[in-house]
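Structure first, commentary second.
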Amino acid sequence: MANKSLLVALGAAGWLAAGVAGAADCERIYIGTHQQGGAPSLFTATFNSRDGSFGAASAVASMDRPTWLVKDPARPLLYVVSEVGNDGATQGKVFSLRIVPGDGALAEVGSVSSGGGGPTHLALDARAGTLLVANYGTGQVAVLALDAAGKLSGPVSVVQDQGSGPTARQRGPHAHGVAIDPTDRYALVADLGADRVFIYRYEAATRQLAPSSELRLPAGTGPRHLVFGADGRFAYLLSEFTGELRVYGWDAGSSSLREVQTLSILSAGFSGKISAGEVIVSGDGGQVYVSNRSDNTVIAYQVQPGAGRLTELQRLPAGGEVPSHLALSPDGRWLLSSNEASSAVTVFQVAGDGRLSATARKLDVAKPVNVVFAGACSAAVAAARESAIQLERGDIKGTLTLPDGAAAGPVALLIADADATDRDSNAPGTTSHSLRQLARALAAQGIASVRYDKRGVGTSVGANGRPASASGSGTGTGVDVGADGAMGNGDGIVGGPGSGAGMAGGAGAGADLALQAADAAAWIELLKKDARFNKVVVIGHGEGALVGLLAANQVGAGGFVALAASGERTAAEFGKLKMHARIILGDADQQAGPDAARALEQARPGTPVAVIAGMNHALYLAQPGAADAQTVAPELVTALVSFLNKR
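Letter by letter, the sequence shown follows residues -23 to -1, 1 to 624 in mature numbering (1 follows the signal peptide of the UniProt record, and there is no 0).
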């Protein structure tokens, strides 16, 4: 379903009417399978998070055995293994695929060797721009590099597991799963062939792996996948051959796992072939879910807070045969089971206490083994169009980005940093695009946004002399100026009375602060009048925070975010807010550091503060060895979406 884009001219009458199709509860999913030999193998479908129903599945790729998928948390990118080379004779591949707006088609960004045979699992470190690959066939773990565009390179580092076991599938090491620990200092590899969990030191700065320690398991156990709990203190290890679920305490200081509990996932009296499938943890860490391919069941466990121990809640039929994979919807209300042998993905509803209820919902796909949620159906912005506030002399121009969805939702007013910075966060002589990327990321999560060129900047160069007014005269006209997705700011011009009249630099780079605040206030007032938005939240970046604060304190808003903000006057205005507010900064910000955050918090005690690891002042992750890397911090997007959706 395409992401709707809008071109409007704003005047006294407000926004021109625009139809918005689709539903805010539409999620896009991708399904990996064991298909090969040129047959369609990677599929997409829509998932309705309101009632648990699917849209029809459509094929989007035909690579051999795309058995594991990872969605980039901040960009419309999908990383996919091609699990070939399990015999050790050839190496597998990892693909980077860009999600195309609308129907969810995939465009290849590139592919590289997986660094071994039979890649079967991935772990993404978005902050470092790194992808770890577990190669089952050869027992090797490789580190791949990701650039700002999502292009893969490498392998940069490859390590070799060692060991074997007593069963026919354990003649050598088989790295089946890899997980990065919560400190980002270790990679833990569940090796099915060696009956061990190998713990490697992981250096994000250099993308290198080196042996640190290992956990030995009883012979013939066959460790398959390991996941960490929500608080990072406990890890859950599922063993394929013995059907055991082990709970470990994790100590990053000594890189060691301490056994807490061992449970059998087998049903009472079961005597058939044992084959455990998948283990996942709920978003709040309260439940652990396991798929049991031995008897085609799904099991729910309750987690004891602070102790990590598990208590079985229930076990249900998976609704199909050989449930190889489980996936929870982003809202935690639905669980999907990929049933390989019956070629169907089935759906369970998740209650507030974590218990599951089977549904009749089913998606028919050949040999599904992995499902990933890739964001709202509008996960990529097709074309966010130019919009403008009409002035008596000149226009203040910007971009409105709308997600697909008819339900009223919040809208974010993004105010750029210093005076000369344009709507996308580009300043003279520098190119950033961080606010444009942030707008896209918010749209992917169902959040609308407006960002604009200040007076005398970009396409607002003709605006001068008088503040924008929500009650000013004139209707104006707009012209289609092209897609937001193009690099650079070539959005074009919106016509209107007085557009381009007056002195080019009348404000913006030298604008009076009161005029800038009045312009921002006019945007707030116009957005308030639009029935498609249930509240306006102002997000002021850097020096834009003061502009936003003056405007919000003048006309009111539904919330305010001080993003990488600093300054005595900013703190003073922040203390006057009479609305929900939040302070967000990055620990790699050299301009607005901890002292600035403390000043804001002291001015308005009790305001929540979020410190984003690795985020610099430009809102990007400060990636070691890649000073020009441009990836908006995923944790920033998560924090903003949480605040914007707060009631």
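Cβ coordinates follow ideal geometry from the N, Cα and C atoms, glycine included.
Small disclaimer: the values here were computed from a predicted structure and weren't measured.
beta-carbon residue i near the ligand SAH non-hydrogen atom, thresh 7 Å
i: glycine 131; result: The ligand content of the structure shown is nil, which means the ligand SAH is not present either.
Alpha carbon of residue i to alpha carbon of residue j, nearest angstrom
i: alanine 229; j: valine 174; result: 15 Å
i: leucine 234; j: alanine 404; result: 49 Å
i: glycine 472; j: leucine 129; result: Because the pLDDT of glycine 472 is 25, which lies under 50, any placement of that residue in the model is unreliable, and the number read from its coordinates should be weighed accordingly. Between glycine 472 and leucine 129, the C-alpha separation is close to 42 Å.
i: leucine 165; j: isoleucine 242; result: 22 Å
i: glycine 552; j: serine 411; result: 27 Å
i: valine 224; j: serine 268; result: 16 Å
i: leucine 415; j: aspartate 399; result: 14 Å
i: valine 118; j: valine 348; result: 23 Å
i: glycine 32; j: alanine 574; result: 46 Å
i: serine 314; j: leucine 83; result: 23 Å
i: valine 618; j: alanine 418; result: 10 Å
i: glycine 154; j: leucine 215; result: 10 Å
i: alanine 122; j: glycine 93; result: 16 Å
i: glycine 260; j: aspartate 496; result: 40 Å
i: aspartate 2; j: aspartate 28; result: 9 Å
i: phenylalanine 247; j: proline 96; result: 32 Å
i: valine 327; j: leucine 305; result: 9 Å
i: serine 543; j: aspartate 572; result: 9 Å
i: alanine 460; j: lysine 431; result: Residue placement at alanine 460 is poorly supported in this model, since its pLDDT is 32, which falls under 50; the coordinates are not used for a value here.
i: leucine 526; j: serine 30; result: 43 Å
i: valine 280; j: alanine 171; result: 29 Å
i: proline 294; j: glycine 220; result: 16 Å
i: aspartate 64; j: tyrosine 177; result: 25 Å
i: phenylalanine 620; j: isoleucine 589; result: 15 Å
i: proline 282; j: serine 232; result: 22 Å
i: threonine 183; j: arginine 162; result: 12 Å
i: valine 346; j: leucine 74; result: 19 Å
i: serine 244; j: alanine 385; result: 47 Å
i: glycine 15; j: serine 59; result: 12 Å
i: leucine 55; j: serine 39; result: 15 Å
Contact belief for residue i with residue j at Cβ below 8 Å, rounded distance in angstroms
i: methionine 53; j: proline 611; result: It is worth fixing the name first, because residue 53 is proline in this sequence and not methionine. At roughly 13 Å, the Cβ-Cβ gap does not stay under 8 Å, so proline 53 and proline 611 are not in contact.
i: valine 37; j: phenylalanine 20; result: 6 Å
i: glycine 296; j: alanine 353; result: The Cβ separation is near 26 Å, so there is no contact.
i: valine 427; j: leucine 504; result: 7 Å
i: glycine 563; j: methionine 592; result: 3 Å
i: alanine 34; j: isoleucine 8; result: 7 Å
i: glycine 106; j: threonine 608; result: 7 Å
i: asparagine 622; j: proline 307; result: Their Cβ separation, rounded to whole angstroms, is 12 Å, which puts asparagine 622 and proline 307 out of contact at 8 Å.
i: glycine 521; j: aspartate 394; result: 5 Å
i: serine 88; j: glutamine 68; result: About 11 Å; that fails the 8 Å criterion.
i: proline 143; j: alanine 196; result: 5 Å
i: residue 627; j: leucine 108; result: Missing from the structure shown is residue 627; the chain here goes from -23 to 624 and no further.
i: leucine 303; j: valine 275; result: 7 Å
Sequence-distant residues of the same chain with beta carbon closer than 7 Å to residue i, five excluded per side
i: asparagine 466; result: Because the pLDDT of asparagine 466 is 28, which lies under 50, any placement of that residue in the model is unreliable, and the number read from its coordinates should be weighed accordingly. So the qualifying residues of the chain are Asp399, Asp401, Asn403 and Gly435.
i: alanine 318; result: Glu298 and Val299
i: glutamate 217; result: Leu169, Gly199, Arg201, Ser252 and Ala253
i: alanine 576; result: Ala548
i: alanine 534; result: Ile501, Val513, Val514, Val515 and Met556
i: lysine 344; result: Thr10, His11, Gln12, Glu317 and Ser320
i: glutamate 578; result: Ile560, Thr584 and Val586
i: alanine 494; result: Val524, Leu527, Ala528 and Gln531
Own chain, CB closer than 6 Å to residue i, minus 5 neighbours either side, in chain order
i: valine 258; result: Val204, Gly206 and Val265
i: proline 585; result: Arg559
i: isoleucine 516; result: Ala389, Leu391, Val538 and Leu540
i: arginine 310; result: Val327
i: glutamate 289; result: Tyr278
i: glutamate 4; result: Phe24, Ser26 and Phe350
i: glycine 81; result: Arg5 and Thr21
i: valine 135; result: Gly92, Gln117 and Ala119
Cutoff 8 Å; reference residue i; Cβ partners in own chain excluding five residues on either side
i: glutamine 567; result: Asn593 and His594
i: glycine 249; result: Ser271 and Asp272
i: valine 614; result: Pro50, Ala51, Leu415, Ala418, Leu419 and Gln422
i: glutamate 550; result: Leu523, Leu526, Leu527 and Asn530
i: glycine 331; result: Ser259, Gly263, Gln264, Ala277, Gln279 and Leu290
Notebook entry, point to check: How do the segment 168 to 187 and the segment 241 to 260 stand: do at least 3 beta-carbon pairs fall below 8 Å, yes or no?
Noted result: The segment 168 to 187, when compared against the segment 241 to 260, does not touch it at the 8 Å Cβ threshold.
Checklist line | Three-pair Cβ contact test at 8 Å for the segment 195 to 212 versus the segment 144 to 158 | finding: yes
Next item on the list: Could you tell me whether the segment 99 to 118 touches the segment 33 to 52, where touching means 3 or more Cβ pairs closer than 8 Å?
Entry: Because the criterion of three Cβ pairs below 8 Å is met, the segment 99 to 118 and the segment 33 to 52 touch.
Check: In chain order, which continuous runs of the beta strand (DSSP E) of length 3 or greater are located wholly inside the segment 180 to 265?
Finding: 185 to 193, 200 to 205, 211 to 216, 221 to 228, 233 to 241 and 253 to 258
Next item on the list: Jot down the residue ranges of each uninterrupted alpha helix (DSSP H) in the segment 92 to 178, minimum 4 residues, whole runs only, in chain order.
Entry: Fully enclosed alpha helix (DSSP H) runs of no fewer than 4 residues are not present anywhere in the segment 92 to 178.
Check: Taking the runs of the alpha helix (DSSP H) that are 4 residues or longer, which of them lie wholly in the segment 486 to 510?
Finding: 490 to 505
Check: Which residue spans inside the segment 542 to 586 form an unbroken alpha helix (DSSP H) run of at least 4?
Finding: 545 to 551 and 571 to 580
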